Amino acid sequence: MIPGIVALIVLIALSAFFSGIESAFISLSDLDQVEIFKSRAKNRKLLKRLLENREKLLSTVLVGNNLVNIGASALATTLAIDAAPSLDISKSSAATLSAVFLTLMILVFGEVTPKTVAMTHNRSIALFVAPIVYFLAQVLSPLTLLLSLASTYMGKAFGASKQNGITESTLINMVERGQELGVINSRERQLIEKVFQFDDREVYPIVTPRNKVFALKDTHTLTQVQAQLLEQMFSRIPVYGDTFDHITGILNLKTALKELLDGNGERQLKDLSDQPSFLYETQSLTSVLERFQAERIHMSIVVDEFGGMVGVVTLEDILEELVGEIFDEKDLAMGLIRPMGEHKWLVPGRLDVVTLNREIPGEIPIEGDYESVQGLIMSTLDCLPETGDQVTVGHHKFTVMKMKKNEIVSIMLEYLPALHKTEEEQ
Numbered sequence: 001m002i003p004g005i006v007a008l009i010v011l012i013a014l015s016a017f018f019s020g021i022e023s024a025f026i027s028l029s030d031l032d033q034v035e036i037f038k039s040r041a042k043n044r045k046l047l048k049r050l051l052e053n054r055e056k057l058l059s060t061v062l063v064g065n066n067l068v069n070i071g072a073s074a075l076a077t078t079l080a081i082d083a084a085p086s087l088d089i090s091k092s093s094a095a096t097l098s099a100v101f102l103t104l105m106i107l108v109f110g111e112v113t114p115k116t117v118a119m120t121h122n123r124s125i126a127l128f129v130a131p132i133v134y135f136l137a138q139v140l141s142p143l144t145l146l147l148s149l150a151s152t153y154m155g156k157a158f159g160a161s162k163q164n165g166i167t168e169s170t171l172i173n174m175v176e177r178g179q180e181l182g183v184i185n186s187r188e189r190q191l192i193e194k195v196f197q198f199d200d201r202e203v204y205p206i207v208t209p210r211n212k213v214f215a216l217k218d219t220h221t222l223t224q225v226q227a228q229l230l231e232q233m234f235s236r237i238p239v240y241g242d243t244f245d246h247i248t249g250i251l252n253l254k255t256a257l258k259e260l261l262d263g264n265g266e267r268q269l270k271d272l273s274d275q276p277s278f279l280y281e282t283q284s285l286t287s288v289l290e291r292f293q294a295e296r297i298h299m300s301i302v303v304d305e306f307g308g309m310v311g312v313v314t315l316e317d318i319l320e321e322l323v324g325e326i327f328d329e330k331d332l333a334m335g336l337i338r339p340m341g342e343h344k345w346l347v348p349g350r351l352d353v354v355t356l357n358r359e360i361p362g363e364i365p366i367e368g369d370y371e372s373v374q375g376l377i378m379s380t381l382d383c384l385p386e387t388g389d390q391v392t393v394g395h396h397k398f399t400v401m402k403m404k405k406n407e408i409v410s411i412m413l414e415y416l417p418a419l420h421k422t423e424e425e426q
């Protein structure tokens, strides 16, 4: 009797072993595996070989677990029947009691407890048992091969197919895990998640609507629009024919300025414009970006299903959906201040007021809870500004030149020395 009880305890322990290693291997995430394989941990190469053939690994664990559970069940039933006369119960009652007892023992000590522990320490356990599991995989290979063939056949019969590669959800989980471990920061995580969302987004939400598009008539000459070009300073400007819906080209500011410097101010805009590119408002951002790259274009006209102009979208607009606000050649690259005439500058909304004060005459007061120029304007207006809104603070006048969603991109700043002198005289 005692040897039988000892054997039963050993079988339950083996059941716990197989359940634990099954949980340890399955709970290893892709990130866990990458970190293990990059480390110098013992048995890492053996573990990698096991994980490269997950089907064989799982079959080995399941075969081993089922063999010990069947053995434990048979042994427990035999022990119970042998003990039935001394307990003054029938053999059938003894068999029933042994089944209930063994089920409880296996659930508690052979399943739940080892799996919970293994999931908590999955890396160390997987590395430790890798040689044992590899040995068992070789010993049980005839059985696991039959099991693999049977499962493959049954899977095909029911229309199942293998999934190869890493899914998007797996990658997102890896990114989240990476942030938890400090491998990547929140900014990097946001950038990666934006990449996954990119293909699901349409171009329409980022379009500059037609009522805010600066465009010029294609029959105008450079001399006629020179002042407007210098005032707006857009790097690319749509030009239209009879109506605003009839866009005939895209004028490059650099081309226009070069022609003016060469004395060709009487040339019409339609003669200097590039062929316009058109796209539908429902196209995905991915397809639009691919087209921009293939055709080497920076601006496209967005139209609706009837061919009417909805607005424009630029390469900058698309890239900003991934990396946040950026500045092109028209904007103030690297946060620099661009002189636009006597006592006038074009400045980025994000520029901090302290830096601005060092570069321009006069002193812009810093009295509110803000740091940037756009914060000063919003604080003064006490509302979200629109393009063209003006604010005068001290001896400086701020005009909002460009908005992007809820952010001020560029501002025209004018110093008012006359006002400054008047106050000094008083």
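So the sequence shown is numbered by the UniProt record's numbering: it starts at 1 and just counts up by one. Every residue, glycine too, gets a C-beta built ideally from N, C-alpha and C. The model shown is predicted, which means the values in this text are computed figures rather than measured ones.
Item	Value
Using 10 angstroms around the beta-carbon of T60, count the other beta-carbons present and answer buried if the total reaches 16, otherwise exposed.	buried
Along the chain, where does the beta strand (DSSP E) containing P339 start, and where does it finish?	R338 to G341
So, with DSSP's three-state summary, where would you put P114?	helix
Are the Cβ atoms of H343 and E414 separated by less than 8 Å?	yes
Does DSSP put L11 in a helix, in a strand, or in coil?	helix
Less than 8 Å between the C-beta atoms of P348 and V391, yes or no?	no
Hey, quick one: how far does the alpha helix (DSSP H) through K405 stretch, first residue to last?	No alpha helix (DSSP H) holds K405; DSSP gives it neither H nor E.
Answer yes if the stretch 205-222 comes into contact with the stretch 181-196, meaning at least three C-beta pairs across the two stretches below 8 Å, and no otherwise.	no
Let me check one thing: in DSSP terms, what residues is Y280 bridge-paired to?	V303
For Q138, is the classification buried or exposed, using 16 other Cβ atoms within 10 angstroms of its Cβ as the cut-off for buried?	exposed
Per the DSSP calculation, D199 is bridged to which residue(s)?	Answer by DSSP bridge pairing: none, since D199 is not bridged.
Taking 7 Å as the limit between beta carbons, can you name the residues of its chain near E111, skipping five residues before and five after?	S19
Where does I366 fall in DSSP's three states?	coil
Whole alpha helix (DSSP H) runs in the stretch 11-93 with 4 or more residues, listed along the chain?	30-38, 44-52 and 54-87
With 16 as the cutoff for other CB atoms within 10 Å, does N65 come out buried or exposed?	buried
With 16 other CB atoms within 10 Å as the buried threshold, where does L384 fall?	exposed
Does the stretch 7-14 come close enough to the stretch 66-82 to have 3 or more Cβ pairs within less than 8 Å?	yes
Under the rule that 16 or more other beta-carbon atoms within 10 Å means buried, what is L376, buried or exposed?	buried
When you compare the CB positions of V34 and L140, do they come within less than 8 Å of one another, or not?	no
According to DSSP, is V6 part of a helix, a strand, or is it coil?	helix
Using the Cβ count rule (16 or more neighbours within 10 Å means buried), how would you classify A333?	Because the pLDDT at A333 is just 41, under 50, the model does not fix this residue reliably, and the value given afterwards should be weighed accordingly. A333 should be labelled exposed.
Just verifying my parser: in three-state terms, what is the DSSP assignment at M233?	coil
Thinking H366 and V353 are a contact (beta carbons under 8 Å), I'd like their distance in whole angstroms, please.	Before going on, a small fix: residue 366 reads as Ile here, not His. With a Cβ gap of about 5 Å, I366 and V353 count as contacting.
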